[in-house]
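Visitor: Before I ask anything, let me first share the structure, which is written out below as structure tokens.
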Amino acid sequence: MSRKRRGPRLEKKIQLPQQTRREIGMIFLFTLAGLALLAYFNLAGRAGLFIDSALSGLLGTLRPLLPLLLIAIGGLLAKSPPRSLALLGLIIFSISLVSLTHLIQYPGGAGFTAVEQGLGGGYLGLFIAYPLYQLFGFWATAVILVALLFIALSLLASASFIQLLHALKQLLRYCMAIGIPLRNIFAKPRISGEYDEKPAEQELRFEEHPLDAASKEDAADTAQSPETLAGDESDPSAALASGLKILPRKRLGRIELPLDLLEKNGSKPVSGNIRARQEIIEKTLRNFGIAVEMGDVSVGPTVTQYTLRPAEGVKLASITALSNDLALALAAHPIRIEAPIPGKALVGIEVPNEQISTVRLREILESSEWQKRASPLTVILGKDVSGKPYISDLGRMPHLLVAGSTGSGKTVCLNTIIVSLLYQNSPDDLKLLLIDPKRVELPSYNEIPHLISPVITDVKQTVQALRFALIEMERRFGLLSTAGARDLKSYNEIKPTEERLPYLIIVVDELADLMVAAASEVEAAIIRLAQMARAVGIHLILATQRPSVDVITGLIKANITSRIAFSVASLIDSRTILDTAGAEKLLGRGDMLFISSELGKPKRLQGAYVSDQEIRKVVGYLRKVGAPEYVEITAQTSASIFNGAGATDDDSDPLLAEAKEIILQAGKASASLLQRRLKIGYARAARILDLLEAAGFIGPGDGAKPREILVSHEQS
Numbered sequence: 109m110s111r112k113r114r115g116p117r118l119e120k121k122i123q124l125p126q127q128t129r130r131e132i133g134m135i136f137l138f139t140l141a142g143l144a145l146l147a148y149f150n151l152a153g154r155a156g157l158f159i160d161s162a163l164s165g166l167l168g169t170l171r172p173l174l175p176l177l178l179i180a181i182g183g184l185l186a187k188s189p190p191r192s193l194a195l196l197g198l199i200i201f202s203i204s205l206v207s208l209t210h211l212i213q214y215p216g217g218a219g220f221t222a223v224e225q226g227l228g229g230g231y232l233g234l235f236i237a238y239p240l241y242q243l244f245g246f247w248a249t250a251v252i253l254v255a256l257l258f259i260a261l262s263l264l265a266s267a268s269f270i271q272l273l274h275a276l277k278q279l280l281r282y283c284m285a286i287g288i289p290l291r292n293i294f295a296k297p298r299i300s301g302e303y304d305e306k307p308a309e310q311e312l313r314f315e316e317h318p319l320d321a322a323s324k325e326d327a328a329d330t331a332q333s334p335e336t337l338a339g340d341e342s343d344p345s346a347a348l349a350s351g352l353k354i355l356p357r358k359r360l361g362r363i364e365l366p367l368d369l370l371e372k373n374g375s376k377p378v379s380g381n382i383r384a385r386q387e388i389i390e391k392t393l394r395n396f397g398i399a400v401e402m403g404d405v406s407v408g409p410t411v412t413q414y415t416l417r418p419a420e421g422v423k424l425a426s427i428t429a430l431s432n433d434l435a436l437a438l439a440a441h442p443i444r445i446e447a448p449i450p451g452k453a454l455v456g457i458e459v460p461n462e463q464i465s466t467v468r469l470r471e472i473l474e475s476s477e478w479q480k481r482a483s484p485l486t487v488i489l490g491k492d493v494s495g496k497p498y499i500s501d502l503g504r505m506p507h508l509l510v511a512g513s514t515g516s517g518k519t520v521c522l523n524t525i526i527v528s529l530l531y532q533n534s535p536d537d538l539k540l541l542l543i544d545p546k547r548v549e550l551p552s553y554n555e556i557p558h559l560i561s562p563v564i565t566d567v568k569q570t571v572q573a574l575r576f577a578l579i580e581m582e583r584r585f586g587l588l589s590t591a592g593a594r595d596l597k598s599y600n601e602i603k604p605t606e607e608r609l610p611y612l613i614i615v616v617d618e619l620a621d622l623m624v625a626a627a628s629e630v631e632a633a634i635i636r637l638a639q640m641a642r643a644v645g646i647h648l649i650l651a652t653q654r655p656s657v658d659v660i661t662g663l664i665k666a667n668i669t670s671r672i673a674f675s676v677a678s679l680i681d682s683r684t685i686l687d688t689a690g691a692e693k694l695l696g697r698g699d700m701l702f703i704s705s706e707l708g709k710p711k712r713l714q715g716a717y718v719s720d721q722e723i724r725k726v727v728g729y730l731r732k733v734g735a736p737e738y739v740e741i742t743a744q745t746s747a748s749i750f751n752g753a754g755a756t757d758d759d760s761d762p763l764l765a766e767a768k769e770i771i772l773q774a775g776k777a778s779a780s781l782l783q784r785r786l787k788i789g790y791a792r793a794a795r796i797l798d799l800l801e802a803a804g805f806i807g808p809g810d811g812a813k814p815r816e817i818l819v820s821h822e823q824s
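671 is the number that the working numbering gives to position 563 of the sequence shown; each next residue is one higher, with no gaps.
Okay, structure coming up:
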């Protein structure tokens with residue numbers, strides 16, 4: 109038996125040159141730096157979200173510096189020979205900088221909540237700064253960390269301590285020469301427990317705002333009469349209307365509202381037997397001669413959406429017509445059929461869940477969708493039928509109409525929007541004007557620093573508040589024109605911090621009560637604001653429980669294209685709000701349809717819920733931060749400024765002399781004549797006739813007949 113002779117085993121080792129290994133390591137670190145940078149700007153997909161979230165927890169607000177650190181380490185590794193001491197110095201410098209940043213921003217060990225939100229120096233800074241603080245206190249810890257920074261710089265630069273001090277001195281001189289505000293680098297964010305129990309009293313002082321001659325003439329053409337605008341300097345509303353700006357003694361800065369003020373996630377939805385319901389839907393449609401292929405199922409907080417693909421030649425109308433038959437077969441009412449689903453070649457059948465889940469506001473505040481928001485006016489609406497958080501930009505809406513029957517969730521929706529705005533804007537960046545004729549819901553926000561006035565509950569005060577908003581709008585247009593800015597954002601970018609204008613959000617909880625008391629003035633003011641106020645940062649949010657055409661008029665709907673419809677009683681009410689059916693089939697308790705100019709069809713959402721207890725916690729926290737700076741909104745004149753052609757005053761009108769000439773030439777005086785010749789609205793034409801009658805130029809009205817002219821050409 110012969111045995112095969114086994115030859116010598118050849119083992120080959122792959123050995124790379126040392127320089128090649130260093131270059132591979134450098135490329136690897138550069139790749140990691142690129143991924144970290146892309147993840148920071150949300151350009152790395154789902155993995156990028158995870159990477160950025162992890163880095164946010166590790167390094168906090170300093171995570172944008174990680175790519176620079178990785179590039180520097182890669183550069184040091186690529187050198188021949190590698191600079192080990194410089195590499196060690198770079199690592200010590202990074203750790204010391206993160207720890208010192210956290211210590212300065214959150215002295216005393218505070219910052220656990222902030223670290224969870226990706227603030228401060230992250231967990232790395234917390235785990236180093238906090239133990240040192242407990243052992244040595246604030247100042248000694250700061251000295252230790254600064255000393256480590258200098259040691260790291262010495263290792264990194266291979267320079268002596270004296271040389272480093274000299275270089276630092278030259279750097280500071282350079283920074284001061286070019287005007288870099290170094291004091292803002294380590295600005296201290298405020299978090300829970302860092303405010304005084306009793307905030308300091310806020311003082312109001314007035315300073316004349318410089319306007320050039322052109323802007324003054326523009327303001328004179330569009331603003332109110334001298335008597336409307338004139339007022340004692342102690343009246344803030346008069347001061348604001350006449351081009352004066354209110355300067356607080358102290359800016360509050362950014363307020364970090366803790367998420368602990370809000371309750372955590374609620375219960376999960378129970379959709380029932382999904383497979384059985386799919387078979388029932390398919391069988392019911394097949395019984396009526398409609399062949400379909402069942403698709404995916406999306407379980408939302410309120411409804412479960414069953415998707416299906418109809419066979420070729422099946423009309424969608426034949427499926428939507430079977431809504432009641434499907435509801436009977438599924439023993440679920442009401443169901444809603446979305447045919448087709450926007451962006452998909454599918455039909456969606458929305459069936460109510462057996463158990464509805466509550467969408468908590470905190471849950472959406474912690475979501476990745478909220479973290480990726482780009483606008484400070486982003487508002488939280490709720491979750492869609494697939495359970496995905498849904499947010500929208502109020503600045504792009506730019507106004508919002510909310511309507512629905514009593515108890516359907518309108519007020520909760522308003523509270524959710526207000527609280528979501530408070531969570532991302534300081535009192536310096538956002539002001540609220542809240543109007544609640546019902547006197548029940550919105551007064552709970554009184555005394556928060558974001559208000560420009562106590563919550564208004566009187567109808568007469570509401571008219572004055574809308575008048576104030578119009579005056580403020582005209583004033584802002586003058587400021588933007590003077591600065592050469594096209595909108596509020598560009599204006600604030602070119603102005604220093606103390607001269608920036610805040611956004612102004614006007615919230616009306618019950619529009620119907622105002623329309624009953626002062627329909628013409630309220631409607632005209634809302635229309636004018638809706639048409640023009642977007643550019644100057646003024647936005648309207650209107651709510652009503654009476655969706656009738658005398659409340660939601662055609663002009664209001666034409667100018668407010670973003671609308672939310674909650675559960676209503678009839679198809680007519682749904683069409684009044686949305687111009688389409690669907691709201692009559694909603695389930696109530698926050699179930700809504702949202703439509704905007706960016707959506708082709710209404711989108712079904714389950715509104716986020718914020719309880720009264722949560723609102724009290726948020727309001728109580730804000731009251732501790734600072735006192736409001738109220739602008740007293742008082743009656744200035746009885747003249748209406750809401751007519752479409754422009755403003756008038758009590759005793760005169762810029763077109764009065766021209767109106768006299770027209771009347772004398774025509775030999776008659778009537779409102780329709782002045783409307784045609786002067787191209788003005790009826791309200792202003794009638795006002796001019798009243799002024800001429802009071803001056804003895806024309807006689808009193810006599811029905812539909814033209815008024816008698818009492819003055820001849822020679823007398824005039």
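From the three backbone atoms N, C-alpha and C, an ideal C-beta is built for every residue, glycine too.
Sorted by chain position, which residues of the same chain lie with C-beta nearer than 6 Å to residue 551's C-beta, five sequence neighbours on each side aside?
Guide: Within the same chain, residue 551 has close Cβ partners 563.
Visitor: Determine, using beta carbons only, whether residue 465 and residue 406 come nearer to each other than 8 Å.
Guide: Going by C-beta atoms, residue 465 is not nearer than 8 Å to residue 406.
Visitor: Does DSSP classify residue 647 as helix, strand or coil?
Guide: Three-state result, residue 647: strand.
Visitor: Based on DSSP bridge pairs, tell me the residues matched to residue 498.
Guide: BP columns for residue 498 point to 490.
Visitor: Since I believe residue 711 is in contact with residue 702 (beta carbons under 8 Å), could you give me their beta-carbon distance rounded to a whole number of angstroms?
Guide: Indeed, because the Cβ distance is near 5 Å, the residues count as touching under 8 Å.
Visitor: On a CA-only basis, which of 386, 199, 232 is nearest residue 211? Give me that one, please.
Guide: Checking every option, the nearest Cα to that of residue 211 belongs to 232.
Visitor: Out of 614, 598, 659, which has the shortest C-alpha to C-alpha gap to residue 626?
Guide: Of the candidates 614, 598, 659, the one whose C-alpha sits nearest the C-alpha of residue 626 is 659.
Visitor: Can you tell me the Cα-Cα spacing of residue 227 and residue 417, whole angstroms?
Guide: Between residue 227 and residue 417, the C-alpha separation is close to 47 Å.
Visitor: Is residue 420 buried or exposed, if buried means 16 or more other CB atoms sit within 10 Å of its CB?
Guide: Exposed, because fewer than 16 other Cβ atoms sit within 10 Å of the Cβ of residue 420.
Visitor: Specify whether the segment 450 to 462 and the segment 498 to 518 touch according to this definition: at least 3 beta carbon pairs, one from each stretch, less than 8 Å apart.
Guide: In short, these stretches do not touch, since the Cβ pair count stays below three.
Visitor: For residue 572, which of helix, strand or coil comes out of DSSP?
Guide: Here residue 572 sits in helix by DSSP.
Visitor: Please state whether the Cβ-Cβ distance between residue 548 and residue 621 is less than 8 Å.
Guide: Not closer than 8 Å, so no.
Visitor: Could you pull the DSSP bridge partners for residue 700 from this structure?
Guide: According to DSSP, residue 700 bridges with 713.
Visitor: Nearest-angstrom Cα distance between residue 574 and residue 213?
Guide: If I take the Cα positions, the gap works out to 41 Å.
Visitor: Can you list the alpha helix (DSSP H) stretches of 4 or more residues lying completely in the segment 533 to 569, in chain order?
Guide: Complete alpha helix (DSSP H) runs here, min 4: none at all.
Visitor: Cα separation between residue 528 and residue 487?
Guide: Approximately 6 Å, taken between the alpha carbons.
Visitor: State yes or no: is the C-beta of residue 637 within less than 8 Å of the C-beta of residue 646?
Guide: Contact flag set, yes.
Visitor: Counting C-beta neighbours from all protein chains within 10 Å, is the total for residue 223 16 or more, i.e. buried, or is it exposed?
Guide: It is buried - the Cβ of residue 223 has at least 16 other Cβ atoms within 10 Å.
Visitor: Per DSSP, what kind of secondary structure is residue 531 in: helix, strand or coil?
Guide: Here residue 531 sits in coil by DSSP.
Visitor: With contact counted as at least three CB pairs below 8 Å, one residue from each stretch, are the segment 530 to 547 and the segment 507 to 514 in contact?
Guide: The answer is no - the segment 507 to 514 does not touch the segment 530 to 547, with fewer than three Cβ pairs under 8 Å.
Visitor: Between the Cα of residue 668 and those of 509, 396, 769, spot the shortest distance and give me the residue it belongs to.
Guide: Nearest of 509, 396, 769 to residue 668, Cα basis: 509.
Visitor: Measuring CA to CA, which of 713, 203, 814 is closest to residue 497?
Guide: Residue 497 has its Cα closest to that of 713, out of 713, 203, 814.
Visitor: Examine the ligand NAD and report whether any of its heavy atoms sits within less than 7 Å of the Cβ of residue 556.
Guide: No copy of the ligand NAD occurs in the structure displayed, which carries no ligand at all.
Visitor: Could you tell me if residue 494 is buried or exposed, where buried requires 16 or more neighbouring beta carbons within 10 angstroms of its beta carbon?
Guide: Burial call: exposed.
Visitor: Can you look up residue 729 in the DSSP assignment and give me helix, strand or coil?
Guide: It is helical.
Visitor: Leaving out the 5 sequence neighbours to the left and right, which residues in its chain are closer than 7 Å to residue 172 when beta-carbon positions are compared?
Guide: Taken in chain order, the residues that qualify are 148.
Visitor: Taking DSSP as the reference, what is the three-state secondary structure of residue 403?
Guide: Strand.
Visitor: Sort 768, 819, 811 by Cα distance to residue 797 and report the nearest one.
Guide: Among 768, 819, 811, the Cα nearest to that of residue 797 is on 768.
Visitor: Using CA coordinates, which residue listed in 555, 640, 590, 662 is at the minimum distance from residue 733?
Guide: Considering only alpha carbons, the answer is 555.
Visitor: From 716, 382, 197, 558, pick the residue whose C-alpha is nearest to that of residue 738; which is it?
Guide: Nearest of 716, 382, 197, 558 to residue 738, Cα basis: 558.
Visitor: Contact between the segment 770 to 778 and the segment 794 to 812 is defined here as three or more beta-carbon pairs at a separation below 8 Å; is this criterion met?
Guide: The answer is yes - the segment 794 to 812 touches the segment 770 to 778, with three or more Cβ pairs under 8 Å.
Visitor: Using 10 angstroms around the beta-carbon of residue 685, count the other beta-carbons present and answer buried if the total reaches 16, otherwise exposed.
Guide: Label assigned to residue 685: buried.
Visitor: Where does residue 681 fall in DSSP's three states?
Guide: DSSP places residue 681 in helix when its eight states are reduced to three.
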